[in-house]
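Take a look at the structure set out below.
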Amino acid sequence: MKAIVVTDQAAGTAGMRLAERPKPEAAGNDVLVEVHASGFTPGELSWPSKWTDFLGRDRTPSIPGHELAGVVSVLGYGTMGLSVGQRVFGLTDWTRDGTLAEYAAVEARNLARLPSDVDFTVGASLPISGLTAWQGLFEHGRLQPRQSVLVHGAAGGVGSMATQLAREAGAYVIGTGRAADRQTALDFGATEFVDLDNDTLEEVGAVDLVFDVIGGDIGKRSTKLIRTGGTLVTIAGPPEARPADGLAIDFVVESDRVQLREVVRRVRDGRLRTVIGTVATLDDAVAAFNPTERVKGKTIIRVR
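Offset between the sequence shown (1-based) and my numbering: plus 5.
Now the structure itself:
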């Protein structure tokens, strides 16, 4: 089968290439998915799991990508809950070959049914952004109606999802980003917007929850905005500072079938929109991951 592979960590996305790889087999509790669309997060090339297995052994050439939408083609031994021919989408394990390929072997529990009225391209754009936003707000942030939440990167893939979900939950949402992102963040449901290049972040005042996708100095300054009992939730790594009278939580997103269903249900009824930028074929994937200009939205590879 055709797949994108990586062998050189230092080369980043420029080290990707299209190659022929053996078609994977579905182990116990797996399904083999005929991939129709795949999402890709460039940052994953810095994750150790992309290059080594659980024992620290080199596992290259490896196939990147952890988001997919496609059709179940084979059931592994003992697999339950899915059927051959079913449309699915989901988030694959970090330490297995990924989804930038014509086929991917995935644990069945990591997949949810993709409704027939949701395009494969949309389905592949949802798992990481949707689950990260959901888990950050509701599992780790314990967001409640009428609370205030500061969402960094509110016009980006994860931030836009967090903005929409928080607004739907009845929260007061303050988005941040670049000046050009202001209207996009407001359209997604932010009530206020902070231009991180020109506005003063500290003028936001006290908030119940900060959802941080940036880290660094912005993350550190955000800790001072957390009111007593509030929470800083970040996906940018362990926080450099912590709120004086609150919590600081960093987390890595996990697959969850129930949450995937909640996310796609909101997409179907128009309550949740995803941000898709470039859509390219598998043959053109390497070029799409190395654009000459900045691209807004998530890059999706349409495999079929």
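Note that beta-carbon positions come from the ideal geometry of N, C-alpha and C, so glycine has one too.
Of the residues the options, the one placed nearest residue i, counting alpha carbons only
| i | options | result |
| --- | --- | --- |
| Arg299 | Ala185, Thr196 and Thr279 | Ala185 |
| Arg276 | Ala24, Gln169, Ala138 and Leu155 | Gln169 |
| Gly350 | Gly242, Leu214, Val209 and Ile231 | Summary: the structure shown does not reach residue 350, with the chain confined to residues 6 through 309, and so no result is reported for it. |
| Arg307 | Ala292, Pro296, Val284 and Phe294 | Val284 |
| Arg271 | Val123, Thr189 and Asp58 | Val123 |
| Ala32 | Thr65, Thr84, Ile9 and Leu230 | Thr84 |
| Lys28 | Glu72, Met6 and Gln14 | Met6 |
| Thr239 | Ser260, Gly141, Arg278 and Val269 | Gly141 |
| Leu96 | Gln188, Ala129 and Gly224 | Ala129 |
| Gly235 | Pro248, Val11 and Ile223 | Pro248 |
| Asp334 | Arg62, Ser67, Gly161 and Leu265 | Because the chain in this structure spans residues 6 to 309, residue 334 falls outside the shown range and cannot be described. |
| Thr286 | Arg309, Lys303 and Asp13 | Arg309 |
| Gly70 | Gly86, Tyr82, Leu80 and Trp52 | Trp52 |
| Val11 | Val36, Gly44, Arg64 and Arg114 | Arg64 |
Enclosing alpha helix (DSSP H) for residue i [first to last residue]
| i | result |
| --- | --- |
| Ile305 | Element bounds for Ile305: not the alpha helix (DSSP H) but the beta strand (DSSP E), Lys303 to Arg307. |
| Ile281 | Looking at the DSSP string, Ile281 is not in any alpha helix (DSSP H); the run it does join, the beta strand (DSSP E), is Ile281 to Thr286. |
| Phe294 | Ala290 to Phe294 |
| Glu173 | Gly162 to Glu173 |
| Asp192 | Arg187 to Asp192 |
| Val272 | Arg262 to Arg273 |
| Ile223 | Gly221 to Ser227 |
Whole-angstrom C-beta distance between residue j and residue i, which should lie under 8 Å
| i | j | result |
| --- | --- | --- |
| Arg92 | Leu119 | 4 Å |
| Phe216 | Gly146 | 7 Å |
| Ala171 | Leu148 | 6 Å |
| Asp202 | Arg183 | 6 Å |
| Ile133 | Ile68 | Between Ile68 and Ile133 the Cβ distance is about 16 Å, and since that is not below 8 Å, they are no contact. |
| Gln157 | Ile223 | A small fix is needed here, since residue 157 is His in this sequence, not Gln. Indeed they touch by this definition, with Cβ atoms about 6 Å apart. |
Extent of the continuous beta strand (DSSP E) to which residue i belongs
| i | result |
| --- | --- |
| Ile231 | Ile231 to Thr239 |
| Glu207 | It is not in any beta strand (DSSP E) - Glu207 carries neither H nor E in the DSSP assignment. |
| Ile2 | Nothing in the structure corresponds to residue 2, since the chain is present only between 6 and 309. |
| Thr181 | Tyr177 to Gly182 |
| Ile9 | Lys7 to Val10 |
| Glu259 | It is not in any beta strand (DSSP E) - Glu259 carries neither H nor E in the DSSP assignment. |
| Val199 | Glu197 to Asp200 |
Between the stretch 32-41 and the stretch 70-89, are three or more C-beta pairs nearer than 8 Å? Here the stretch 32-41 lies against the stretch 70-89, with 3 or more beta-carbon pairs under 8 Å apart.
Below 8 Å, how does it come out for the stretch 103-112 and the stretch 160-167: are there three or more Cβ pairs, yes or no? Because the criterion of three Cβ pairs below 8 Å is not met, the stretch 103-112 and the stretch 160-167 do not touch.
Whole runs of the alpha helix (DSSP H) within the stretch 74-153, excluding any shorter than 4 residues: The qualifying runs are 125-130 and 132-139.
Give the list of continuous beta strand (DSSP E) stretches no shorter than 3 residues that lie fully inside the stretch 12-68. Complete beta strand (DSSP E) runs here, min 3: 22-25 and 35-44.
On the three-pair Cβ rule with 8 Å, is the stretch 16-25 touching the stretch 287-305? When Cβ pairs closer than 8 Å are counted between the two stretches, the stretch 16-25 is seen to touch the stretch 287-305, the count reaching three or more.
Is the stretch 144-156 touching the stretch 208-228 in the sense that three or more CB pairs, one from each, lie closer than 8 Å? Enough Cβ pairs lie closer than 8 Å, so yes.
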